[in-house]
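Undergrad: Numbering (this note's numbering), first residue to last: 14 to 89.
1. Determine the burial state of residue 65: buried for a count of at least 16 other Cβ atoms within 10 Å of its Cβ, exposed for fewer.
2. By the DSSP assignment, the alpha helix (DSSP H) with residue 38 in it spans what residues?
3. What residue from 26, 54 and 23 has the CA that sits closest to residue 71's CA?
4. Ordered along the chain, which non-local residues of its own chain (more than five positions away) have a Cβ less than 7 Å from that of residue 43?
5. Less than 8 Å between CB atoms is the rule here; does residue 87 satisfy it with respect to chain C?
6. On the DSSP letters alone, give me the boundaries of the beta strand (DSSP E) that residue 73 sits inside.
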């Protein structure tokens, strides 16, 4: 499984699946839903948290949570 935690800066992907129990409602409300595009714009020291753009919203999430969100990389 490829997850958001494995993204490199500048990479884009589509959210495929995640465990609803592992994702807070706030992230769902901010657009962290299957089918939406996600890209990594920056990571903090020690790679935690990760700064993302999801569906046009800027978000910071913990790497532990990012590893629970399955993605499909976009090429090109």
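Even glycine gets a Cβ: it sits at the ideal position worked out from N, Cα and C.
TA: The relevant details are as follows:
1. Your numbering for residue 65 matches position 52 in the chain shown. The residue is buried, with at least 16 neighbouring Cβ atoms inside 10 Å.
2. Here residue 38 corresponds to residue number 25 of the chain shown, with the count starting at 1. Residues 38 to 42.
3. The count along the chain shown starts at 1 and reaches residue 71 at position 58. Closest option to residue 71, Cα to Cα, is 54.
4. As a working mapping, residue 43 is identified with position 30 in the chain shown. Excluding five sequence positions before and after residue 43, the CB atoms of its chain that fall closer than 7 Å to its own CB belong to 67, 70 and 72, given in chain order.
5. The structure shown contains no chain C, having only a single protein chain.
6. Position 60 of the chain shown, counted from the start, is the residue given in the question as residue 73. Looking at the DSSP string, the run of the beta strand (DSSP E) that includes residue 73 is 70 to 74.
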